[in-house]
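A.B. asks: I have a structure I would like to understand better, so I am pasting it below and will then ask my questions one at a time.
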Amino acid sequence: MNPADTGASTTLDAAAPVPAAPVADSRMAPGGPGYRRMSLALFLAGVATFALLYSTQALLPLISGDFGVTASEASWTVAASTGGLALFVLPMSALSERYGRRTVMTASLALAVAIALLIPFAPSLGSLVALRAVQGAALAGLPASATAYLAEEVRPRALITAIGLFVAGNSIGGMSGRVLTGWVAQEWGWRTAVGALGLVAVACAVAFRLLLPAPKHFAPGSLRPRVLARTVRDHLADPLLRRLYAIGALFMTVFGGVYTVIGYRLTEEPFSLPQGIVGSIFLVYLVGTVSASTAGRLVGRLGRRGALYLAGGTTASGLLLSTADSLAPVLVGLVLITAGFFAGHAVASAAVSKTATRGRAQAAALYQSAYYIGSSVGSTVGAVAFHAGGWAGTVGVGLLAVLGVVGITLLGSRAARLATRVA
Numbered sequence: 006m007n008p009a010d011t012g013a014s015t016t017l018d019a020a021a022p023v024p025a026a027p028v029a030d031s032r033m034a035p036g037g038p039g040y041r042r043m044s045l046a047l048f049l050a051g052v053a054t055f056a057l058l059y060s061t062q063a064l065l066p067l068i069s070g071d072f073g074v075t076a077s078e079a080s081w082t083v084a085a086s087t088g089g090l091a092l093f094v095l096p097m098s099a100l101s102e103r104y105g106r107r108t109v110m111t112a113s114l115a116l117a118v119a120i121a122l123l124i125p126f127a128p129s130l131g132s133l134v135a136l137r138a139v140q141g142a143a144l145a146g147l148p149a150s151a152t153a154y155l156a157e158e159v160r161p162r163a164l165i166t167a168i169g170l171f172v173a174g175n176s177i178g179g180m181s182g183r184v185l186t187g188w189v190a191q192e193w194g195w196r197t198a199v200g201a202l203g204l205v206a207v208a209c210a211v212a213f214r215l216l217l218p219a220p221k222h223f224a225p226g227s228l229r230p231r232v233l234a235r236t237v238r239d240h241l242a243d244p245l246l247r248r249l250y251a252i253g254a255l256f257m258t259v260f261g262g263v264y265t266v267i268g269y270r271l272t273e274e275p276f277s278l279p280q281g282i283v284g285s286i287f288l289v290y291l292v293g294t295v296s297a298s299t300a301g302r303l304v305g306r307l308g309r310r311g312a313l314y315l316a317g318g319t320t321a322s323g324l325l326l327s328t329a330d331s332l333a334p335v336l337v338g339l340v341l342i343t344a345g346f347f348a349g350h351a352v353a354s355a356a357v358s359k360t361a362t363r364g365r366a367q368a369a370a371l372y373q374s375a376y377y378i379g380s381s382v383g384s385t386v387g388a389v390a391f392h393a394g395g396w397a398g399t400v401g402v403g404l405l406a407v408l409g410v411v412g413i414t415l416l417g418s419r420a421a422r423l424a425t426r427v428a
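Just so you know, we're using this note's numbering here: the sequence shown kicks off at 6 and counts up by one.
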């Protein structure tokens, strides 16, 4: 039959648009190549970061006795490290934009573990605080670079889970560091304890560098101050990011205050626990490992704001329960505080990485800066409140911070409803 008779076109079908083949997403996903190595590497980096950052926290009563200082003075060994990290996390994130996430994380961890091996020889509280500040500044290259690495190298659906695993490494590091130093210090003193922890961090640093896959989706950015300032200004102008930064700072205010002071409370009446047992109390960090790693499922069921409400309520319940004068409810209270904190932190930090479409390292750095400023404020103010009003004073500071989390989340819910009406 003639084409004219059928109404068919005499031109070739090649002229018609052909659907493009879907482009395969080469980023890592659970079960895919490199994902397990990446997860383990960043888990170990998280272990080393929190172990080193808070290496003196469980030892504060011993440091107070060795140098003859008060709890609030000894707490500066914690505040200095977190403060140094808070001040340097933004500049270090800029270096990671230019030289690469893996390079900056490796250099930062190497410097931090080198300082860890010097800390046992600090001759005075002042020199110890100075070394801790430099160590915190060195560690600043890890948190923001790690979350930016994950945002670039992991598929979006797996991002919250991947960040949750990194945060879980934080909790394991915080727990193992405090337990190890507690028992070692009981037998050989706090200097030997922090030295032993430094050796553990060396092993973590070597394994991290060997395991972490080379980045495939990193594009070098600019180090020009004007570009960096514009990126930071844009992030700070975003209302959602501002709320997330404040939430991270407030959650860490609670956590920093509680765990800086808890050693003093448990070594005093009515508990009078030995240093090794006090260090073992930090095994409750295992709860944080679980709550952080399941944050993705929590958001899937309750939404981001629902997960934050639940985290805040859990933390507040733990604070109130910890005021009891018997050990069992205090331990349950610490479990709830730890679970609420790590869940809230994982949810907020993952939301920052998803919200920022450019300058992710700077967005993550601003969150980390606010987060560790909260830690410094919490450890210092919590210790001062404990000195002035006992454990009830520290709990009062924590409850005010949780109230701030709930209030900011309510503002976010209101803003979302208004945006829906406008749309």
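Glycine is no exception: its CB is placed at the ideal position from the N, C-alpha and C atoms.
Do the CB positions of residue 134 and residue 190 come within less than 8 Å of each other?
C.D. replies: Reading the sequence shown from its first residue, position 129 is the one you call residue 134. Reading the sequence shown from its first residue, position 185 is the one you call residue 190. Not closer than 8 Å, so no.
A.B. asks: Do you know how far the Cα of residue 38 is from the Cα of residue 79?
C.D. replies: Reading the sequence shown from its first residue, position 74 is the one you call residue 79. Reading the sequence shown from its first residue, position 33 is the one you call residue 38. Whole-angstrom Cα-Cα distance: 46 Å.
A.B. asks: Just the C-alpha distance for residue 221 and residue 363, rounded to the nearest angstrom, thanks.
C.D. replies: As a working mapping, residue 221 is identified with position 216 in the sequence shown. As a working mapping, residue 363 is identified with position 358 in the sequence shown. Taking the straight line from one Cα to the other gives about 17 Å.
A.B. asks: When you compare the CB positions of residue 284 and residue 186, do they come within less than 8 Å of one another, or not?
C.D. replies: If you number the sequence shown from 1, residue 284 lands on position 279. If you number the sequence shown from 1, residue 186 lands on position 181. Yes.
A.B. asks: Note down the Cα distance separating residue 144 from residue 113, rounded to an integer number of angstroms.
C.D. replies: Sequence index remark: in the sequence shown, residue 144 carries index 139 (1-based). Sequence index remark: in the sequence shown, residue 113 carries index 108 (1-based). So the alpha carbons of these two residues sit roughly 6 Å apart.
A.B. asks: Go through its chain and collect everything with a Cβ distance to residue 344's Cβ below 7 Å, but skip five positions before and after it.
C.D. replies: The residue given as residue 344 occupies position 339 in the sequence shown. Closer than 7 Å at Cβ, skipping near neighbours: 292, 293, 296 and 319.
A.B. asks: Would the segment 148-159 count as touching the segment 364-384 if we require 3 or more Cβ pairs under 8 Å?
C.D. replies: yes
A.B. asks: Tell me, please, which residues DSSP counts as bridged to residue 159.
C.D. replies: Translated into the one-based positions of the sequence shown, residue 159 becomes position 154. BP columns for residue 159 point to 33.
A.B. asks: With DSSP as the reference, label residue 71 as helix, strand or coil.
C.D. replies: Indexing the sequence shown from 1 puts residue 71 at position 66. In the structure shown, residue 71 sits in a helix (DSSP, three-state: H, G or I).
A.B. asks: Of all the alpha helix (DSSP H) runs that stay within the bounds of the segment 95-162, which reach a length of 4 or more residues?
C.D. replies: 106-121, 130-144 and 148-158
A.B. asks: Which same chain residues end up closer than 7 Å to residue 49 when comparing Cβ atoms and leaving out the 5 residues on each side of it in sequence?
C.D. replies: Within the sequence shown, residue 49 is the residue found at index 44, counting from 1. The answer, listed in chain order, is 174, 209, 212 and 213.
A.B. asks: Give the list of continuous alpha helix (DSSP H) stretches no shorter than 4 residues that lie fully inside the segment 192-279.
C.D. replies: 195-216, 230-242 and 244-272
A.B. asks: How would you write the range of the alpha helix (DSSP H) that residue 378 sits in, first residue to last?
C.D. replies: If you number the sequence shown from 1, residue 378 lands on position 373. Per DSSP, residue 378 belongs to the alpha helix (DSSP H) from 365-394.
A.B. asks: So, does the segment 241-251 touch the segment 86-93, judging by three or more C-beta pairs under 8 Å?
C.D. replies: Fewer than three beta-carbon pairs drawn from the segment 241-251 and the segment 86-93 are found closer than 8 Å, and the two stretches are therefore not classed as touching.
A.B. asks: Report yes if the C-beta distance between residue 365 and residue 159 is below 8 Å; otherwise report no.
C.D. replies: What you label residue 365 is simply residue 360 of the sequence shown in a count that begins at 1. What you label residue 159 is simply residue 154 of the sequence shown in a count that begins at 1. Contact: no.
A.B. asks: Considering residue 311, what are the terminal residues of the alpha helix (DSSP H) in which it resides?
C.D. replies: Here residue 311 is taken as the residue at index 306 of the sequence shown, counted from 1. Run containing residue 311: 300-326, per the alpha helix (DSSP H) assignment.
A.B. asks: Output the distance between the C-alpha atoms of residue 331 and residue 357, rounded to the nearest integer angstrom.
C.D. replies: Translated into the one-based positions of the sequence shown, residue 331 becomes position 326. Translated into the one-based positions of the sequence shown, residue 357 becomes position 352. The alpha-carbon atoms of residue 331 and residue 357 are separated by roughly 40 Å.
A.B. asks: Could you tell me the distance, in whole angstroms, from the CA atom of residue 417 to the CA atom of residue 300?
C.D. replies: Translated into the one-based positions of the sequence shown, residue 417 becomes position 412. Translated into the one-based positions of the sequence shown, residue 300 becomes position 295. Taking the straight line from one Cα to the other gives about 19 Å.
A.B. asks: Smallest Cα separation from residue 88: which of 136, 401, 350 and 205?
C.D. replies: Locating residue 88 in the sequence shown gives position 83, where the first residue counts as 1. When each option's Cα is compared against that of residue 88, the closest is 136.
A.B. asks: Go ahead and label residue 126 buried or exposed: buried means 16 or more other beta carbons lie within 10 angstroms of its beta carbon, across all protein chains shown.
C.D. replies: For the purposes of this step, residue 126 is identified with residue 121 of the sequence shown, where counting begins at 1. Exposed: under 16 other Cβ atoms inside 10 Å.
A.B. asks: So residue 183 and residue 287 are in contact, right, with Cβ under 8 Å, and what is the actual spacing, rounded?
C.D. replies: In the sequence shown, counting from the first residue as 1, residue 183 sits at position 178. In the sequence shown, counting from the first residue as 1, residue 287 sits at position 282. That pair is a contact at about 4 Å.
A.B. asks: Can you tell me which of 67, 262 and 104 puts its alpha carbon nearest to the alpha carbon of residue 198?
C.D. replies: In the sequence shown, counting from the first residue as 1, residue 198 sits at position 193. The shortest C-alpha separation from residue 198 is found at 67.
A.B. asks: Using CA atoms only, rank isn't needed, just tell me which of 229, 195 and 110 is closest to residue 216.
C.D. replies: Here the question's residue 216 lines up with position 211 in the sequence shown. Considering only alpha carbons, the answer is 110.
A.B. asks: Just to confirm my understanding: we take residue 326, look at its own chain, exclude 5 residues before and 5 after, and list those with CB closer than 8 Å. What are they?
C.D. replies: As a position in the sequence shown, residue 326 is number 321, starting the count at 1. Scanning its chain for C-beta atoms nearer than 8 Å, with the 5 sequence neighbours on each side dropped, one finds around residue 326 the residues 334, 335, 337, 338 and 341, in chain order.
A.B. asks: Out of curiosity, what's the CA-to-CA distance linking residue 106 and residue 153?
C.D. replies: In the sequence shown, residue 106 corresponds to position 101, counting from 1. In the sequence shown, residue 153 corresponds to position 148, counting from 1. About 7 Å.
A.B. asks: So, for residue 156: in the same chain, excluding its five sequence neighbours on each side, which residues have a beta-carbon less than 6 Å away from its beta-carbon?
C.D. replies: Sequence index remark: in the sequence shown, residue 156 carries index 151 (1-based). Excluding residues within five positions, the ones whose Cβ falls inside 6 Å are 358 and 365.
A.B. asks: Within this structure, are the beta carbons of residue 313 and residue 406 separated by less than 8 Å?
C.D. replies: On the sequence shown, residue 313 is found 308 positions in, with the first residue counted as 1. On the sequence shown, residue 406 is found 401 positions in, with the first residue counted as 1. Not in contact: residue 313 and residue 406 (Cβ atoms no closer than 8 Å).
A.B. asks: If residue 382 sits next to residue 258, beta carbons under 8 Å apart, how far is it from one beta carbon to the other, in whole angstroms?
C.D. replies: Counting from 1 along the sequence shown, the entry for residue 382 is found at position 377. Counting from 1 along the sequence shown, the entry for residue 258 is found at position 253. That belief holds up - the Cβ atoms of residue 382 and residue 258 are roughly 6 Å apart, short of 8 Å.
A.B. asks: Considering Cα atoms alone, identify which of 57, 142, 373 and 385 is closest to residue 179.
C.D. replies: As a working note, residue 179 is residue 174 in the sequence shown. The shortest Cα separation from residue 179 among 57, 142, 373 and 385 belongs to 57.
A.B. asks: For the candidate residues 385, 317, 404 and 422, whose alpha-carbon lies nearest to that of residue 76?
C.D. replies: Residue mapping note: residue 76 aligns to position 71 of the sequence shown, counting from 1. Taking only the C-alpha atoms, the option nearest residue 76 is 385.
A.B. asks: Give the secondary structure of residue 77 by DSSP, where H, G and I count as helix, E and B as strand, and everything else as coil.
C.D. replies: Locating residue 77 in the sequence shown gives position 72, counting from the first residue. DSSP places residue 77 in helix when its eight states are reduced to three.
A.B. asks: Would the beta-carbon of residue 317 fall within 8 Å of that of residue 281?
C.D. replies: In the sequence shown, the residue the question calls residue 317 occupies position 312. In the sequence shown, the residue the question calls residue 281 occupies position 276. Not a contact, by the Cβ cut-off of 8 Å.
A.B. asks: DSSP three-state call for residue 181: helix, strand or coil?
C.D. replies: As a first step, residue 181 must be located in the sequence shown, where it is residue number 176. Correct three-state label for residue 181: helix.
A.B. asks: Near residue 388, what residues of its chain come up, given a Cβ to Cβ distance below 7 Å and the 5 sequence neighbours on each side ignored?
C.D. replies: As a position in the sequence shown, residue 388 is number 383, starting the count at 1. Same-chain partners within the cutoff: 76, 77, 80, 265 and 266.
A.B. asks: Could you give the distance in angstroms between the alpha-carbon of residue 203 and the alpha-carbon of residue 59?
C.D. replies: One-based indexing of the sequence shown puts residue 203 at position 198. One-based indexing of the sequence shown puts residue 59 at position 54. So the two alpha carbons sit approximately 12 Å from each other.
A.B. asks: Going by other Cβ atoms of all chains shown within 10 Å of its Cβ, with 16 needed for buried, is residue 196 buried or exposed?
C.D. replies: In the sequence shown, the residue the question calls residue 196 occupies position 191. Answer is buried; the Cβ neighbour count reaches 16.
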